[in-house]
């Protein structure tokens with residue numbers, strides 16, 4: 013350095029000494045002194061995992077123990093897409109009787125300067141019926157339905173949950189917490205989002221129907237007799253003890269994890285094409301990956317709930333406050 017005044021030189025020296033001394037701080041102390049690094053891939057993935065866990069739903073799953081195709085309720089258990097040890101979509105129906113179905117939930121995070129958008133998806137190897145007259149006609153192998161959580165950045169670590177939009181078959185439904193300032197825009201608001209305390213934080217509460225597994229905010233679907241209650245975790249995937257188990261853990265899995273669902277989009281054993289339709293060996297109809305979810309009656313296009321959520325939310329709601337449509341992070345679009 014040269015041409016510094018004594019005061020400026022003293023300040024520069026002090027800053028340098030401060031930086032050196034921080035190397036001797038404990039991790040907790042260093043976190044307090046300096047902001048956490050957020051620009052490495054590992055740090056970003058870790059934050060996304062924490063954000064997804066923070067807003068992951070407490071999830072009810074109705075079960076039905078009637079009919080042979082439901083396997084005494086197991087047909088309604090949440091499962092990993094590769095629950096049977098492979099990424100083939102044409103053996104999931106038959107393998108369900110042979111392998112455990114442990115709770116998994118898939119997620120992805122998309123970010124703008126004003127919001128995080130977290131997509132969650134829940135997989136079932138069977139979409140089934142207990143009406144033998146409709147076997148094969150109203151059933152299909154592989155089922156994936158879920159929701160979008162709209163989280164506004166407010167200066168806190170994980171922001172504020174403004175709304176969710178859920179997937180029930182070929183229709184989307186929107187729900188907002190009580191007292192929300194959001195108003196309906198091009199689509200109706202379909203109900204009030206319930207929240208439940210879990211691990212000291214309020215989480216949205218969602219539910220899926222038995223057999224067909226449409227998903228809405230609880231109690232717009234609810235348990236009818238037997239049923240399961242799943243709680244989100246970062247690492248624990250449990251199998252229910254029965255079709256009426258109200259304390260089951262499900263594990264969150266990043267859609268963009270190495271070797272994960274997004275990388276499998278070109279796997280012809282799982283998808284008909286990279287566009288995201290699941291293959292099947294049984295049944296009529298089918299399911300899609302989040303980047304192919306579609307409500308044909310709504311303005312946003314196929315897959316945009318996951319791939320262009322800002323556009324979808326801007327279409328669904330008014331009075332959003334500061335709202336950006338420009339993505340800072342969107343792996344679906346290569347950003």
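Numbering (our numbering), first residue to last: 13 to 347.
Just so it is clear, CB atoms sit at the ideal spot from N, CA and C, and this is done for glycine as well.
- Query: Looking at C-beta atoms only, is the number of pairs between the stretch 51-68 and the stretch 210-230 that lie closer than 8 Å three or more?
  - Reply: At 8 Å Cβ cutoff, the stretches touch.
Checking 8 Å against the spacing of the C-beta atoms, do residue 328 and residue 197 come in under that value? Counting from one through the chain shown, the residue named residue 328 turns up at place 316. Counting from one through the chain shown, the residue named residue 197 turns up at place 185. Closer than 8 Å, so yes.
Backbone secondary structure at residue 329 - three-state DSSP
Here residue 329 refers to the residue found at position 317 of the chain shown. Residue 329: strand per DSSP, three-state reduction.
message: Here's a check: name, in chain order, each residue in its chain whose Cβ is nearer than 6 Å to the Cβ of residue 177, leaving out the five neighbours to either side.
response: Taking the first residue of the chain shown as 1, we reach residue 177 at position 165. So the list reads 160, 184 and 186, once near-sequence residues are dropped.
Classify residue 195: buried if its beta carbon has 16 or more other beta carbons within 10 angstroms, exposed otherwise. The sequence position of residue 195 within the chain shown is 183, counting from 1. Counting the other Cβ atoms within 10 Å of the Cβ of residue 195 gives fewer than 16, which makes it exposed.
query = Whole beta strand (DSSP E) runs in the stretch 42-91 with 3 or more residues, listed along the chain?
reply = 70-74
Hey, out of 268, 235, 131 and 221, whose CA is closest to residue 56's CA?
Reading the chain shown from its first residue, position 44 is the one you call residue 56. Selected option, being the one with the closest Cα: 268.
- Query: Sorted by chain position, which residues of the same chain lie with C-beta nearer than 6 Å to residue 101's C-beta, five sequence neighbours on each side aside?
  - Reply: Position 89 of the chain shown, counting from 1, holds the residue named residue 101. Closer than 6 Å at Cβ, skipping near neighbours: 154, 282, 290 and 291.
Review point. Could you give the distance in angstroms between the alpha-carbon of residue 310 and the alpha-carbon of residue 229?
Key: Here residue 310 refers to the residue found at position 298 of the chain shown. Here residue 229 refers to the residue found at position 217 of the chain shown. So the alpha carbons of these two residues sit roughly 19 Å apart.
At what residues does the beta strand (DSSP E) containing residue 213 begin and finish?
Here residue 213 is taken as the residue at index 201 of the chain shown, counted from 1. Segment 213-220, the beta strand (DSSP E) holding residue 213.
Open item on the list: The alpha helix (DSSP H) that contains residue 205, what's its start and end?
Closed with: Within the chain shown, the letter at position 193 stands for residue 205. Premise fails: residue 205 lies in the beta strand (DSSP E), 203-205, not in any alpha helix (DSSP H).
Where do the ends of the alpha helix (DSSP H) carrying residue 105 lie?
By one-based count along the chain shown, residue 105 stands at place 93. Looking at the DSSP string, the run of the alpha helix (DSSP H) that includes residue 105 is 104-107.
Less than 8 Å between the CB atoms is what I'm expecting for residue 318 and residue 126, so what's the real figure, rounded? For the purposes of this step, residue 318 is identified with residue 306 of the chain shown, where counting begins at 1. For the purposes of this step, residue 126 is identified with residue 114 of the chain shown, where counting begins at 1. Between residue 126 and residue 318 the Cβ distance is about 18 Å, and since that is not below 8 Å, they are no contact.
request  = State the start and end residues of the unbroken beta strand (DSSP E) segment that holds residue 153.
outcome  = As a working note, residue 153 is residue 141 in the chain shown. That run of the beta strand (DSSP E) goes 152-164.
(message) Alpha carbons only, please: which of 210, 80 and 118 is nearest the one belonging to residue 148?
(response) As a first step, residue 148 is located in the chain shown; it is residue number 136 there, counting from the start. Measuring from the Cα of residue 148, the nearest candidate turns out to be 80.
Quiz prompt | Beta-carbon proximity check, residue 61 vs residue 246, cutoff 8 Å | solution = On the chain shown, position 49 is the one that residue 61 refers to. On the chain shown, position 234 is the one that residue 246 refers to. In contact: residue 61 and residue 246 (Cβ atoms closer than 8 Å).
Cβ distance (whole Å) where residue 135 is taken to contact residue 90 below 8 Å: In the chain shown, counting from the first residue as 1, residue 135 sits at position 123. In the chain shown, counting from the first residue as 1, residue 90 sits at position 78. Contact holds; Cβ gap of about 7 Å.
Taking C-alpha atoms, which residue in 276, 226, 337 and 274 lies nearest to residue 140?
Here residue 140 corresponds to residue number 128 of the chain shown, with the count starting at 1. When each option's Cα is compared against that of residue 140, the closest is 226.
- Query: With burial defined as no fewer than 16 other Cβ atoms inside 10 Å of the residue's Cβ, what is the status of residue 330: buried or exposed?
  - Reply: Taking the first residue of the chain shown as position 1, residue 330 is located at position 318. Classification of residue 330: exposed, given that the 10 Å Cβ count is below 16.
Candidates 237, 270, 182 and 244: which alpha carbon is nearest residue 210's?
-> One-based indexing of the chain shown puts residue 210 at position 198. Checking every option, the nearest Cα to that of residue 210 belongs to 244.
query: To which residues of the same chain is residue 238 closer than 7 Å at the C-beta, ignoring the five residues directly before and after it?
result: As a first step, residue 238 must be located in the chain shown, where it is residue number 226. The residues are 75, 77, 85, 255 and 256.
- prompt: Can you tell which of 242, 201, 122 and 202 has its C-alpha closest to the C-alpha of residue 346?
  reply: Mapped onto the chain shown, residue 346 falls at position 334. Considering only alpha carbons, the answer is 122.
Enclosing beta strand (DSSP E) for residue 337 [first to last residue] = The count along the chain shown starts at 1 and reaches residue 337 at position 325. That residue, residue 337, is in no beta strand (DSSP E); it is neither H nor E in DSSP.
*Three-state secondary structure (DSSP) of residue 344*: Residue numbering aside, residue 344 sits at position 332 when the chain shown is read from its first letter. Correct three-state label for residue 344: helix.
Q | Classification of residue 131 by the beta-carbon crowding that lies within 10 angstroms, buried from 16 upward | A | Within the chain shown, numbered from 1, the residue matching residue 131 stands at position 119. The residue in question, residue 131, is buried, as its Cβ has 16 or more Cβ neighbours within 10 Å.
*Could you please give me the residues that DSSP links to residue 116 through a beta bridge?*
Numbered from its first residue, the chain shown carries residue 116 at position 104. Bridge partners of residue 116: 263.
- Which one of 280, 224 and 234 has the shortest CA to CA distance from residue 138? In the chain shown, residue 138 corresponds to position 126, counting from 1. If we check each option's Cα against that of residue 138, 224 comes out closest.
Self-check item: Host alpha helix (DSSP H) of residue 317 (start-end)
Solution: Reading the chain shown from its first residue, position 305 is the one you call residue 317. That run of the alpha helix (DSSP H) goes 316-319.
Just list the residues that DSSP pairs residue 296 with in beta bridges.
Within the chain shown, numbered from 1, the residue matching residue 296 stands at position 284. None; residue 296 has no bridge partner.
Can you give me the Cβ contacts of residue 307 inside the same chain, cut-off strictly under 6 Å, excluding the 5 residues immediately before and after it?
Taking the chain shown and counting its residues from 1, one reaches residue 307 at position 295. The answer, listed in chain order, is 183 and 184.
Q: Using only alpha-carbon positions, find the residue among 313, 337 and 298 that is nearest to residue 150.
A: The count along the chain shown starts at 1 and reaches residue 150 at position 138. The shortest C-alpha separation from residue 150 is found at 298.
Nonlocal neighbours in the same chain, by C-beta distance under 7 Å from residue 323, ignoring five residues either side: Along the chain shown, read from residue 1 onward, the residue named residue 323 stands at position 311. Cβ within range, chain order: 312, 316 and 337.
| said: Rounded to whole angstroms, what is the Cα-Cα separation between residue 103 and residue 277? | reply: By one-based count along the chain shown, residue 103 stands at place 91. By one-based count along the chain shown, residue 277 stands at place 265. Taking the straight line joining both Cα atoms gives about 17 Å.
Query - Per-residue burial, residue 191 [other beta carbons within 10 Å of its own, 16 or more giving buried] - result: Reading the chain shown from its first residue, position 179 is the one you call residue 191. An exposed status is given to residue 191, since fewer than 16 other beta-carbon atoms sit within 10 Å of its beta-carbon.
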